[in-house]
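Shown next, in structure tokens, is the structure this report addresses.
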Amino acid sequence: MNHRESTTAPIARLLEGPQVYLRPIHVEDTELYYNTLFHQDVRRLTGTQRSFTKDQIARYIEAKGQDTSSLLLLIALCEDDRIIGDIALQDMDTMNRSAGIRIAIIEQGDQGKGYGTEALVLMLGYGFGICNLHRIELNVFDYNERAIRCYEKVGFQREGVQRDALFYNHEYHNSILMSMLNHEYRDRYVKKAES
Numbered sequence: 001m002n003h004r005e006s007t008t009a010p011i012a013r014l015l016e017g018p019q020v021y022l023r024p025i026h027v028e029d030t031e032l033y034y035n036t037l038f039h040q041d042v043r044r045l046t047g048t049q050r051s052f053t054k055d056q057i058a059r060y061i062e063a064k065g066q067d068t069s070s071l072l073l074l075i076a077l078c079e080d081d082r083i084i085g086d087i088a089l090q091d092m093d094t095m096n097r098s099a100g101i102r103i104a105i106i107e108q109g110d111q112g113k114g115y116g117t118e119a120l121v122l123m124l125g126y127g128f129g130i131c132n133l134h135r136i137e138l139n140v141f142d143y144n145e146r147a148i149r150c151y152e153k154v155g156f157q158r159e160g161v162q163r164d165a166l167f168y169n170h171e172y173h174n175s176i177l178m179s180m181l182n183h184e185y186r187d188r189y190v191k192k193a194e195s
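Numbering of the sequence shown is given in UniProt numbering, commencing with residue 1 and proceeding in unit increments.
Okay, here's the thing in structure tokens:
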């Protein structure tokens, strides 16, 4: 998928690293997001079962802009502004200071290059350092070995297995629950940067 930003307006970069930046999603991104939801690898790796219309996607994007319990951002390459995926903090619980995180890198050619790792670290920094979260968790299906390795590399800890949690492609699959706590993020990323 090849999507470039308009050169007439500056790009709103909420979070930026050496290789990728994260930017807000807009209704103008409906076509891009719609196509992502029908990309076969993305559907399989995320366990997406439903079908969506473009109108549903446009309404979803509009609603996300008003939703204070979540933050949905697109992942773009710094070198050419190409959108390579999306990442979200979701179900933010201010009382318990917890949230879920999810990420999708669209094309296989963009996987395994550290883009997803960098995007996760940027979003974790935002969640722990700006949103004052204590715990961020995720679920990953047992057949998504590349994602599991990425999450472990970033510092997520396995907490348990939800057996037969997903029925996809004629069989059941386990879902692995992983999490990171604020002090684990700080020890790994903030204290290291300070020293």
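We put the beta carbon where it would ideally sit given N, CA and C, even for glycine.
- Message: Output needed for Leu14: all residues of its chain with C-beta closer than 7 angstroms, excluding positions within five of it in sequence on either side, in chain order.
- Response: Correct list, in chain order: Leu22, Arg23, Pro24, Leu73.
- Determine the DSSP secondary structure at Asn96, reduced to helix, strand or coil. Three-state DSSP puts Asn96 in coil, outside helix and strand.
- Could you tell me which of Phe156, Leu177, Val161, Tyr172 sits nearest to Asp187, measuring between CA atoms? Of the candidates Phe156, Leu177, Val161, Tyr172, the one whose C-alpha sits nearest the C-alpha of Asp187 is Phe156.
- Output yes or no for whether 8 angstroms exceeds the beta carbon distance between Met123 and Leu89. Closer than 8 angstroms, so yes.
- Best match in Val20, Gly100, Asn132 for proximity to Asp81 [C-alpha to C-alpha]: Comparing Cα-Cα distances from Asp81 to each of Val20, Gly100, Asn132, the minimum goes to Val20.
- Query: Cα separation between Arg50 and Cys131?
  - Reply: The alpha-carbon atoms of Arg50 and Cys131 are separated by roughly 31 angstroms.
- Message: Please state the DSSP three-state secondary structure of Ile57.
- Response: In the structure shown, Ile57 sits in a helix (DSSP, three-state: H, G or I).
- Query: Going by C-alpha distance, which of Leu45, Asn35, His26 is nearest Ile148?
  - Reply: Looking at the Cα atoms, Leu45 is the closest of the given residues.
- Task: Please report the residue range of the beta strand (DSSP E) in which Phe167 lies.
- Result: Run containing Phe167: 157-168, per the beta strand (DSSP E) assignment.
- Query: Below 8 angstroms between beta carbons: does that hold for Ser179 and Glu137?
  - Reply: Ser179 places its beta carbon less than 8 angstroms from that of Glu137.
- Message: Helix, strand or coil for Thr117? Go by DSSP, reduced to three states.
- Response: In the three-state scheme derived from DSSP, where H, G and I count as helix and E and B as strand, Thr117 is classed as helix.
- Neighbourhood of Arg102 by C-beta distance below 6 angstroms, restricted to the same chain and skipping five residues each side: Around Arg102: Ala88.
- For Arg23, does the three-state DSSP call read helix, strand or coil? The answer is strand: DSSP assigns Arg23 an E or B state.
- Item | Alpha carbon of Leu181 to alpha carbon of Glu107, nearest angstrom | Computed Cα separation, rounded: 30 angstroms.
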